[in-house]
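Throughout the sequence shown, residue numbering follows full-length UniProt numbering, covering 1 to 322 in sequence.
Here the structure is laid out as structure tokens; the discussion comes afterwards.
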Amino acid sequence: MWKFTLRRILIMIPQLFVLSVLIFLLAKAMPGDALTGAMQANPNVSPQVLAEQREKLGLNDPAWQQYGRWIGNLVQGDLGKSYVHKIGVADLIGSRLANTFYLGVAILVLTYLISIPLGILSGRYQNSLLDKTITGYTYLSFATPLFIFALLILFVFGFQLGWFPTSGSVDVGIDPGSGSYYANKFYHLILPAIAGALVSTTATIQYLRNEVIDTRLKDFVKTARSKGVPESKVYSKHILRNSLLPIAAFLGYDLTGVLAGNLFIESIFGYPGLGQLFLQSITQRDYSVVTILVMLSGLLALIGTLLSDIILSWVDPRIRIG
Numbered sequence: 001m002w003k004f005t006l007r008r009i010l011i012m013i014p015q016l017f018v019l020s021v022l023i024f025l026l027a028k029a030m031p032g033d034a035l036t037g038a039m040q041a042n043p044n045v046s047p048q049v050l051a052e053q054r055e056k057l058g059l060n061d062p063a064w065q066q067y068g069r070w071i072g073n074l075v076q077g078d079l080g081k082s083y084v085h086k087i088g089v090a091d092l093i094g095s096r097l098a099n100t101f102y103l104g105v106a107i108l109v110l111t112y113l114i115s116i117p118l119g120i121l122s123g124r125y126q127n128s129l130l131d132k133t134i135t136g137y138t139y140l141s142f143a144t145p146l147f148i149f150a151l152l153i154l155f156v157f158g159f160q161l162g163w164f165p166t167s168g169s170v171d172v173g174i175d176p177g178s179g180s181y182y183a184n185k186f187y188h189l190i191l192p193a194i195a196g197a198l199v200s201t202t203a204t205i206q207y208l209r210n211e212v213i214d215t216r217l218k219d220f221v222k223t224a225r226s227k228g229v230p231e232s233k234v235y236s237k238h239i240l241r242n243s244l245l246p247i248a249a250f251l252g253y254d255l256t257g258v259l260a261g262n263l264f265i266e267s268i269f270g271y272p273g274l275g276q277l278f279l280q281s282i283t284q285r286d287y288s289v290v291t292i293l294v295m296l297s298g299l300l301a302l303i304g305t306l307l308s309d310i311i312l313s314w315v316d317p318r319i320r321i322g
């Protein structure tokens, strides 16, 4: 296991290098440059000043020199500076990271709390009215675009009923660190977390339902039943454990996805996280922020793949990765 983990980590190094090259080339292919966003924020800047700034920042250098400078600073922990927000990219991401983490954890927990019981019940009582109802819910959830569902939830429970806030992560004027501060942050978190979780349950329910149906027909389950094992224990000790393997395979992605940010949810609910920052940076052409966020997403995807393999081998003792 340790040899496998070390080997996978070493393989990630050239993968990250290729990813960084692709991200840099795509950023260079986009219209404008790093000063375009700053020019939009201050249109009165003279062309001469912009030309001097481009020369000072090395934006006129060959692409390979710019890439070498960028990747060198990145390795040293220097993520660059946001030309729109006028602060370091690390500080800017750090100010949004906690909100993205809270929202990601809330969506992940709600997704599993909803999908695991529904998937087990749907598979156990196949073709029953309960199964058809749950399956109908998954079809409806799968067919509904996330942004439409989120807008509907926001309109009904935020604007019409007024039960939840319609934007932000905390109300203005509340002292940070107090009990009311965290209670208010949780209050702002409820609606976007529910919207994200209800749409995210579809795949888990379907995977778990199909695995329960397939597993209960296998020989070791029939053997357990023939020995007189109670049906409840057959499901809890034999069927459920083996049926959770597909979920374990995706758990690594889900865990790293907690920090990736949710672009649509954060944008629609005005929730200040990394997803909203990414969309704003694209529209404002803040390339230094965009490249770092894309690089962060790629890194999280690679780590998620590694975690999924490790978790899968831990859940199922029959799987041994050398």
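Yeah, the Cβ is synthetic: ideal placement off N, Cα and C, and Gly gets one too.
message = Quick check: what's the CA-CA separation for K227 versus V221?
response = 10 Å
message = Less than 8 Å between the beta carbons of G158 and L191, yes or no?
response = yes
ask   = Do you know how far the Cα of T5 is from the Cα of L306?
value = 8 Å
inquiry  = Less than 8 Å between the C-beta atoms of W70 and F24, yes or no?
reply    = yes
ask   = Taking Cβ to Cβ, would you say I268 is nearer than 8 Å to A143?
value = no
query = What's the C-alpha gap between P14 and G173?
reply = 48 Å
inquiry  = Residues in the same chain with beta-carbon distance under 6 Å from I9, minus the five sequence neighbours each way, listed in chain order, please.
reply    = none
ask   = What are the uninterrupted segments assigned as alpha helix (DSSP H) that are 4 or more residues long and contained completely in the region 106-189, given in chain order?
value = 129-143, 146-153
query = Can you find a heavy atom of the ligand SAH that lies under 7 Å from the Cβ of P62?
reply = Within the structure as shown, the ligand SAH is missing, as the structure has no ligands at all.
ask   = Helix, strand or coil: how does DSSP classify K227 here?
value = coil
ask   = Around the C-beta of E231, are 16 or more other C-beta atoms found within 10 angstroms, so that it is buried, or is it exposed?
value = exposed
request  = With I71 as the anchor, note down where its alpha helix (DSSP H) starts and where it stops.
outcome  = 63-75
query = Taking three-plus beta-carbon pairs below 8 Å as touching, is the region 270-278 in contact with the region 93-102?
reply = yes
Nearest neighbour of D214, chosen from W163, L161, S243, L103 [CA to CA] = S243
ask   = Under the three-state reduction of DSSP, which class applies to K3: helix, strand or coil?
value = helix
query = Which stretch, first to last residue, makes up the alpha helix (DSSP H) that contains L274?
reply = 274-283
message = Just to confirm before moving on: does the CB-CB distance between T256 and I303 stay below 8 Å?
response = yes
message = What would DSSP say about K222, mapped onto helix, strand or coil?
response = helix
task = Specify whether the region 108-119 and the region 196-207 touch according to this definition: at least 3 beta carbon pairs, one from each stretch, less than 8 Å apart.
result = yes
query = For S288 versus S128, is the C-beta spacing smaller than 8 Å?
reply = no
request  = Grab the span of the alpha helix (DSSP H) containing F264 for me, first residue to last.
outcome  = 263-268
key: Collapsed DSSP secondary structure at K86 in the structure displayed   = coil
query = Helix, strand or coil: which one does DSSP assign to I321?
reply = Residue confidence is low: I321 scores 49 on pLDDT, short of 50, so the model does not pin down where it sits. No coordinate-derived value is stated.
ask   = Nearest to Q284 by alpha carbon, out of R54, I247, H85, L240?
value = H85
task = In angstroms with no decimal places, state the Cα-to-Cα distance between A248 and G196.
result = 20 Å
inquiry  = Between V258 and V75, how many whole angstroms is the CB-CB distance? I'm expecting something under 8 Å.
reply    = About 25 Å; that fails the 8 Å criterion.
ask   = Buried or exposed: Y235, going by 16 or more other Cβ atoms within 10 Å of its Cβ?
value = buried
Same chain, Cβ closer than 8 Å to Y125, neighbours up to 5 away in sequence not counted = D131
ask   = Would V89 pass as a contact of G77 if the rule is Cβ separation under 8 Å?
value = no
key: Straight-line gap, Y137 to I194 (C-alpha atoms, nearest Å)   = 15 Å
query = Which residues in the same chain as D254 place their Cβ atom closer than 6 Å to its Cβ, once the five residues preceding and following it in sequence are excluded?
reply = L108
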